[in-house]
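Residue numbers (the working numbering): 502 to 588. Each residue gets a CB set at the ideal place from its N, CA and C atoms; glycine is no exception. As the structure is a prediction and not an experimental result, all values here were calculated from the model.
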C-alpha cells in the first residue's frame with residue numbers, strides 16, 4: 502500500500518533527523534542555549550567554595566573526643582567484597 506510506505510518512510514526520516522539533532526546538541530554542550538551546561542554559574546560556585554576553604558576556620562579539622570559510653574551505640578558493619586572480586 503502506498504500510504505503505508507509513505508508513512509513508514511516519513512517516520513524513519515523523522516527519526517534519523519531527530520537523532521542527528523540530538524547528536525549536534527551532545528557535541529556542543531557549552532554555549533548559550535537554555536539546555537547547555539551552565540559553566541558561568543558552575544565557575545562562580547567553585548570560586549565561592551575555594552574562597553570558603555581559604556578562610557581560617559576551614560583550615561583546621563573539627564575537634565573530636567571519643568567517649569566509649571557515648572560512641573559504643575554506633576553500629577559497625579564489616580563489608581566483604583570477596584564474592585564480587587575475581588582474582
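In the displayed model, residue 552 falls within a helix according to three-state DSSP.
In the three-state DSSP reduction, residue 578 falls in the coil class, being neither helix nor strand. Going by beta carbons, residue 523 and residue 530 fall outside the 7 Å limit. In its own chain, leaving out the 5 sequence neighbours on each side, no residue places its CB closer than 6 Å to the CB of residue 528.
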